[in-house]
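This report concerns only the one structure given below.
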Amino acid sequence: MESPRKPSLDLEKELTCSICTELLYQPLTLLDCLHTFCGACLKEWFGFQALTTAPFTCPSCRSAVRGSRHNATVVTLLDMLVAAQPGKARSQADKEEMARKYQPGDEVPPKVTAGRESKKHDGDDDDRLLEQVREMSLREVMTPRRRNGRNGRSQEDEDREEEEQRRRRVEHQSSLRSLIGSAERDIEREIEDFARQIQEEGLLDGLDLDNIDLSRDDELSRRVTEAYRRRQQRRGRSQRQDEAVARRHRATSSSNNRSRPPSASLEVRGARSRRRTASGGRSATAPLLSVGGATQQAARSQTELVSSRLDVPAAAAAAARDQRRSSSTPSVAAFSPPGGGGGESNASFASRAPQWNPATDSRTDPQPVSRNRPPLFPEPSISCSRCSRQHIEYDLHYSCALCAGGQWTVCLDCYRAAKGCLHWFGFGHGAWIKWDKAHQLDPTTARPHVLTPSRYLRPPSTPGGADGRRTLTWHDPRTRFETGTFCARCLARANECYWRCDVCNDGDWGFCTDCVNGGFSCSHMLLPLVYEPAHAQQQEQQQDHQTPNQAMPSLRRQWTGRPQSSLGPFKPLPVYSDAVCAVCEESMAASQVRYHCFTCSKGDYDVCTRCYSSLETQGKISAENGASGWRRCLGGHRMAVVGWASGKVGRWRYVEREPVGGRSLVEGGGGNADDGTELWSWPSGSETRRRRVTVDVAASTGVVGASVGFPPDGGMGLRAQARWAWYPAAEADDELLFPRGAEVREVEDVNGDWFFGVYMGAKGLFPAPYIMFRHSARRLTQQSVNACLGGGVSVANRVAVSHAQGITPGFTGAIGNTPLIRLKHLSEETGCTILGKAEFMNPGGSVKDRAALWIVREAEKRGELSEAGTVVEGTAGNTGIGLAHVCRARGYKLVIYMPDTQSRAKVDLLRLLGAEVYPVPAVPWDNEENYNHQARRHAARVRGAVWTDQFDNVANRQAHIESTGPEIWAQTGGKLDAFVCATGTGGTLAGVTRFLKEKSGGAVKCYLADPPGSVLYSVITSEGKSKERTGTGSITEGIGQGRVTENLKPDLDLLDGAFHVPDEETIAMVYRCLDEEGLYLGASTALNVVAARDVARKLGPGHTVVTILCDGAYRYADRLFSRSWLAEKKLLDAIPKPLQRYIALP
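Shown next as structure tokens:
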């Protein structure tokens, strides 16, 4: 006959609160009796008892209560039940109501006051009386009425039935209490038995436990793991034998035990497994428990409660160390949820735990155990090692693979506050600067640690369990683990494309593609990168911290020395520079600027300059909404102008021109349905300016609002650089976040202590001391000039030489009256007096300031340039800079077309001065795509625009006839013998030659200095019979020509000759002037000085030769003083060896 089956446990009944008769919520377990109730119910119960003099008692068994505590075992079982049967969970309304009554951490039962204690002693008689009444009431409830003589049963049977009924009523949650009371004793017994096995098998023989390194630690872990497996195998065989004996015993004694009530047991299938708790500030989550069939007697003391921190066996700990996040994603044995079928498995913990392969960065699952439901996984729980903030696992956090055994983690707030790990030197390349200094003082200084950002995604399930957070889920946390690079603004993961800024936060700052396309990035140049964690490289980099045969945990990274490049585990992405035009759908070259809309197609919208010009020509975009106006797209949004520049590593994206009006401009409002316009406004100092704008970009407002000009690109206000980072508090919604080194735009002073500004597309307030304002271009120019002149000449002497140092009527009044500088060493070398006219001391920094002023004045005189007009020019650089200064001073808009071969410094300065710059391919004059022809066509398309045409506009030549020539004559007292300079437009050479020839009656000799690649040397030396180019190209900029311009043509016959100057002599003179004269000169100026020396040698000693010092070298420093660039141009050997010490750039 079969033995009766052991009834399975009703888990829902065991986890029911006897007070509210609902499933437990925020459970609390009473000490001693171990009954468990809802926290809110228990608090309300003890609150009622606190009003009387009666002692605190359990609502179920009436036992005296000393206290209560949160129990992780009950929480785990609750999570299992709710996960298996979601419909059993409490409603949201119930949870909110109970949360108002009880919060985790509330003291239950409340502390007994002194007054209540005294009342207790005074009312002993009342207590005894209440106790008697309670016993009588309990006896009456628990004892059923007997029916003597009706059933024929004995008194002994009736007493046994009465006792059984009393036990069933009073012994509430018997199985749950047995589990709680027995679990800790099971764990302690398990640990003792396993420790005894380790000692008996001699697993620790030969190991120095006080000095275990990482490699020996792995060996110890391997031994312990094998021992644990052997133990589990023996236990499995023993259990199977015991079960066979028990079945035989039950078969023989079933008749005798048929009336014996079965003992309740909690059947949770699967191997016994416990969670490893974290160290170093990590809180433990609910453990996974598996309890055998035999039920033990409930514990009756506080020490028998299961602690919330349960240690895993050594084998599980060793397996967990093979993972990067051992404390937050422990390896646990999967088990079936309650109610699930599947056979029971006796496999060991170590063999059932999922393993992580660091070589392939993938999970290797063991042989699956038969089950009907997916396994449960414990959720990670991570705390900040700096501020002890709990549960940061779902937020972005930074971890060190070396400090605290790889368990050092800081939250985002601490990281941005420069609170890293124990051996962290700071952000980006700033960390290596600090380490270099420390390493020089102490060569044993360890290399900086690198913190790796990461986070876990939240599981797709409703919160619950302890502290309102899910402790067990069906979703493996390792499949939700993110690491690599994250956007500094939206915190999105950006491993596929990370746009890195090399300035903000010392290079530790970058953005995702969505933020960059949407205009929510910084204003610096950005390099698109892809994240590539290289495990082999990481192993090599950690050789100082591990032995060669030790496995490298995945996702850990630590440098062993200063990196060769600043890219780390990244590589540049070149594909983003080759965008497709949204209009013609053709690819745009990386060197070509393009119009970019931050709104259309979520920011993925670019238009090439040719198509945008065609849209204006075809009337699809009106002039006021076009390139010289609001610069709007077909959708009506303001557009930026974006370009790409080649850097030392990859191609860098830059914003050439910000949207007109910047972020402070307010669109919409004051709409007029009749004419289809709306009113746009923007701040201008203490005022607010407004202008009517058409809703349809093809329409025009006509004369309405024409008196109000357009706001500048990027908006009004100043630009500043952040001295320190400012990270507002979470509740400060009106404050602006920015890192150290950030460029804050549209800055306005609010009250002296706080400023208003824009960064990453956001607007807000910030403390005034955290930024510093940038110097103006004029001040930077003057500082460069002072450095070139040195400190030997007093201010008084300079004023005596140049009358321009007095009070002048604005910017244009400071143009001209530059001094003549005697070049001492060259004069002594040749026996002549060689003088250079210091045109780099013009307010715009070059000789072209003169031509710019005269050209604009001439256009004003002819009536071609009216208020708020547009100036368009094709220029190689310096003329554009001069025009930018003059146009800004006189209120005009400037558009520049220039060859893309010009120096980056010139282009950047033009943009800084507010010019709209279009670098185009450098092609000959006879090609219609030449930058001059493109400028002419642009001016023809724009109403009120003037093409200044510096090459053939004789106002250029007139500037030097009226200013430069007379100044030279006056400064030398008419005692000069020769003048020589190079020419680009022809204005300087022609104008000065014309004046000096006429003033001296032809006595002053005038010569041309020509670089390689120009035809002018052949034209002059052959008297116009040849136009052969001398060479293929030159390192100089803005000089040399392929034709005779209208400026030069009238005075070409006045020239006495020409000198061809190779680049080798030019570059050598750059360094000679710096070393011998203290003059920081550009290549064009150095060419003029070489020609002046040659003229002096030709004329012989005793003569005076004058040349033009066109500009300084600060706009060309990245080339002229770069060793790699000089080597590429094969000019390095042309510089004398002693002077190569001035090559400061790599």
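If you're matching positions, the sequence shown starts at 56 in my numbering and goes up one per residue.
Note that the Cβ used here is the ideal one computed from N, Cα and C, for glycine as well.
As the structure is a computational prediction, the values presented were derived from the model and not from experiment.
Contact under 7 Å by Cβ, residue i with residue j
i       : j       : result
Leu949  : Val975  : no
Val972  : Val962  : yes
Cys442  : Ala797  : no
Arg718  : Lys657  : no
Gly562  : Asn550  : no
Gly1112 : Tyr1062 : yes
Pro508  : Phe541  : yes
Ile1190 : Phe1176 : no
Thr500  : Thr888  : no
Leu1164 : Phe895  : yes
Host beta strand (DSSP E) of residue i (start-end)
i       : result
Ile889  : 888–893
Glu801  : 798–804
Thr743  : 742–749
Gln147  : Unbroken run through Gln147 is the alpha helix (DSSP H), 147–156; no beta strand (DSSP E).
Lys98   : No beta strand (DSSP E) contains Lys98, which is instead part of the alpha helix (DSSP H) from 94–105.
Thr925  : 925–929
Arg555  : 553–556
Ala678  : From DSSP, Ala678 is part of no beta strand (DSSP E); its letter is neither H nor E.
Thr1163 : For the record, residue 1163 in the displayed sequence is Ile; it is not Thr. 1159–1164 is the span of the beta strand (DSSP E), which, as asked, contains Ile1163.
Leu496  : Where Leu496 is concerned, there is no enclosing beta strand (DSSP E), although the alpha helix (DSSP H) it sits in stretches over 483–496.
Asp1188 : No beta strand (DSSP E) contains Asp1188, which DSSP labels as neither H nor E.
Gly1112 : 1112–1115
Thr507  : 507–511
Same chain only: Cβ atoms within 6 Å of residue i, ignoring 5 sequence neighbours per side
i       : result
Val752  : Ile676, Asn680, Arg687, Gly691
His452  : Thr464, Cys466
Asp808  : Ala823
Pro114  : Ile74, Trp100
Leu1187 : Leu1181
Close-in-space but distant-in-sequence residues of the same chain around residue i (CB under 7 Å, 5 per side omitted)
i      : result
Ser118 : Asp87, Cys88, Thr112
Val163 : Leu83, Gly94, Leu97, Lys98, Phe101, Ser123
Cys545 : Cys567, Cys570
Ala944 : Gly865, Phe866, Thr867
Residue i classed as buried or exposed, judged by whether at least 16 other C-beta atoms fall within 10 angstroms
i       : result
Asn982  : exposed
Pro1201 : exposed
Ser921  : exposed
Met827  : exposed
Gly935  : buried
Arg1196 : exposed
Ser51   : Outside the displayed span of the chain (56 to 1201) sits residue 51, for which this structure offers no information.
Ser642  : exposed
Arg313  : Per-residue confidence for Arg313 stands at a pLDDT of 41, beneath the threshold of 50, marking its modelled position as unreliable; no derived number is given.
Arg285  : exposed
Trp685  : buried
Pro159  : exposed
Lys574  : It should be noted that the sequence gives Gly, not Lys, for residue 574. Label assigned to Gly574: buried.
Spatial neighbours of residue i in its chain, beta-carbon cut-off 8 Å, leaving aside the 5 residues before and after
i       : result
Val1074 : Ser1081, Lys1082, Val1099, Leu1107
Pro954  : Ala931, Pro974, Val975, Pro976, Ala977, Tyr986
Per DSSP, cross-strand counterpart(s) of residue i
i      : result
Asp661 : His651
Gly565 : Arg555
Ile74  : Note: Ile74 sits in no beta bridge, so no partner.
Gly819 : Gly812
Leu584 : Tyr553, Pro627
Tyr825 : DSSP lists no partner for Tyr825.
Residue i: first and last residue of the uninterrupted alpha helix (DSSP H) it sits in
i       : result
Val697  : Segment 694–701 is the beta strand (DSSP E) holding Val697; no alpha helix (DSSP H) there.
Gly475  : Gly475 -> no alpha helix (DSSP H), and no H or E assigned at all.
Ala1151 : 1138–1154
Gln776  : Careful: Gln776 lies outside any alpha helix (DSSP H), inside the beta strand (DSSP E) at 773–777.
Trp1024 : 1020–1027
Distance cut-off 6 Å: residue i Cβ against heavy atoms of the ligand ZN
i      : result
Pro159 : The ligand ZN is absent from the structure shown, which contains no ligands of any kind.
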